[in-house]
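Counting with full-length UniProt numbering, you get residues 1 to 295 for the letters of the sequence shown.
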Amino acid sequence: MATIQSETDCYDIIEVLGKGTFGEVAKGWRRSTGEMVAIKVLKNDAYRSRIIKNELKLLHCMRGLDPEEAHVIRFLEFFHDALKFYLVFELLEQNLFEFQKENNFAPLPARHIRTVTLQVLRALARLKELAIIHADLKPENIMLVDQARCPFRVKVIDFGSASIFSEVRYVKEPYIQSRFYRAPEILLGLPFCEKVDVWSLGCVMAELHLGWPLYPGNNEYDQVRYICETQGLPKPHLLHAARKAHHFFKRNPHPEATNPWQLKSSADYLAETKVGGHEERGQPVWHCHVRKKNN
């Protein structure tokens, strides 16, 4: 059993809970309190140092929040050695994706979705007060606290991609949000605010209800196409202002058309980018879903 030590505490590593792009999360025993904790472990290098610095800045901004009332994960401490960075958090049970998988992706009853949604909205409201955009809200970043004792009590985790709104609003082409949950403003290159997190939450709600992602695009064109199937084309004035509109849309050749823009076909997009649009979904998802219910 490995042991790591900060200036004030000592942790016995029990097991590795998961591995990701930037590092791993381990389950540890905190000797000073006897509690189990989650330890985020990243390699100590210049690239990850920038990631850690950003996350620590956001966690510092959140230090005045009550983690229980705000439904955000409780941060305990940060330390490092010559090889690794360590961020210590309270240990939560499992994320919503793991929960869905464990239950064979069965649709979640509306009452449970409502319970989860209200808690995440409280978290987003507290983050908005601090001018923080989470920027990566998805089922993997919403954790069940203790399903047996507190059914569907959740907390928002992972502030590694979060930003202060005043610092990110002028970034021309921010690469934020996981693709399935990426807001139209980000896809199209429009001005954005903390509302992009609300879009992501809406996608999560739909996924919990359907049992599969609402917009499972293979690329950004797929995302835009799926959104247009269910929401219609963006308003002309938005497409005129969007820096990336020409990636996905072209001018409508019919002068009498109500919208001067039209979505490029998959063939158009493939010819221009050599990236194929995914054609698996032939109908808008809500039409498919309603038809299933009526049958």
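Heads up, the beta-carbon is just placed ideally off N, CA and C, and yes, glycines get one too.
These numbers were taken from a predicted model, which means no experiment stands behind them.
Residues bridged to residue i (per DSSP)
i	result
residue 80	85
residue 3	12
residue 163	133
residue 24	19 and 41
residue 73	Paired residue(s): none; residue 73 is not in a bridge.
residue 143	95 and 155
residue 90	37
Beta-carbon gap between residue i and residue j smaller than 9 Å
i	j	result
residue 176	residue 222	no
residue 134	residue 124	yes
residue 57	residue 164	yes
residue 100	residue 211	yes
residue 241	residue 190	yes
residue 93	residue 144	yes
residue 88	residue 16	no
residue 183	residue 192	yes
residue 59	residue 208	no
residue 201	residue 130	no
residue 119	residue 74	no
residue 150	residue 180	no
residue 67	residue 155	yes
residue 122	residue 69	yes
residue 79	residue 41	no
residue 45	residue 31	no
Where the beta strand (DSSP E) containing residue i begins and where it ends
i	result
residue 243	Here residue 243 belongs to no beta strand (DSSP E), and DSSP marks it neither H nor E.
residue 66	No beta strand (DSSP E) contains residue 66, which DSSP labels as neither H nor E.
residue 301	Residue 301 falls outside the range modelled here, since the chain spans only 1 to 295, and no answer is possible.
residue 35	35-43
residue 50	Per DSSP, residue 50 belongs to no beta strand (DSSP E); it is in the alpha helix (DSSP H), 46-61.
residue 212	Neither: residue 212 is in no beta strand (DSSP E) and is coded neither H nor E.
residue 233	Segment: none, residue 233 is in no beta strand (DSSP E) and carries neither H nor E.
residue 250	249-251
Residue i in three-state terms, based on DSSP
i	result
residue 150	strand
residue 194	coil
residue 199	helix
residue 168	helix
residue 30	strand
residue 186	helix
residue 284	In this prediction, residue 284 has a pLDDT of 46, which is less than 50 and means its spatial position is unreliable; what the coordinates show is noted afterwards. Correct three-state label for residue 284: coil.
residue 256	coil
residue 290	At residue 290, the pLDDT of 36 sits below 50, so the modelled position is not reliable; the number obtained from the coordinates is stated separately. Here residue 290 sits in helix by DSSP.
residue 270	helix
residue 220	helix
residue 295	With a pLDDT of 36 at residue 295, under the threshold of 50, the modelled position of this residue cannot be trusted, and the question is left open.
First through last residue of the alpha helix (DSSP H) which encompasses residue i
i	result
residue 179	Segment: none, residue 179 is in no alpha helix (DSSP H) and carries neither H nor E.
residue 126	110-129
Buried or exposed (CB count within 10 angstroms, at least 16 for buried), residue i
i	result
residue 197	buried
residue 139	buried
residue 5	exposed
residue 7	exposed
residue 215	buried
residue 147	exposed
residue 10	exposed
residue 62	buried
residue 55	buried
residue 225	buried
residue 254	exposed
residue 217	buried
residue 83	exposed
residue 264	buried
residue 185	buried
residue 291	Residue confidence for residue 291 is low, a pLDDT of 34 falling below 50, so the modelled location carries little weight; the figure read from the coordinates is stated next. When all chains shown are included, residue 291 counts as exposed.
residue 71	buried
residue 275	exposed
residue 161	buried
Contact test: residue i Cβ vs the ligand MG heavy atom, cutoff 8 Å
i	result
residue 39	The ligand MG is absent from the structure shown, which contains no ligand whatsoever.
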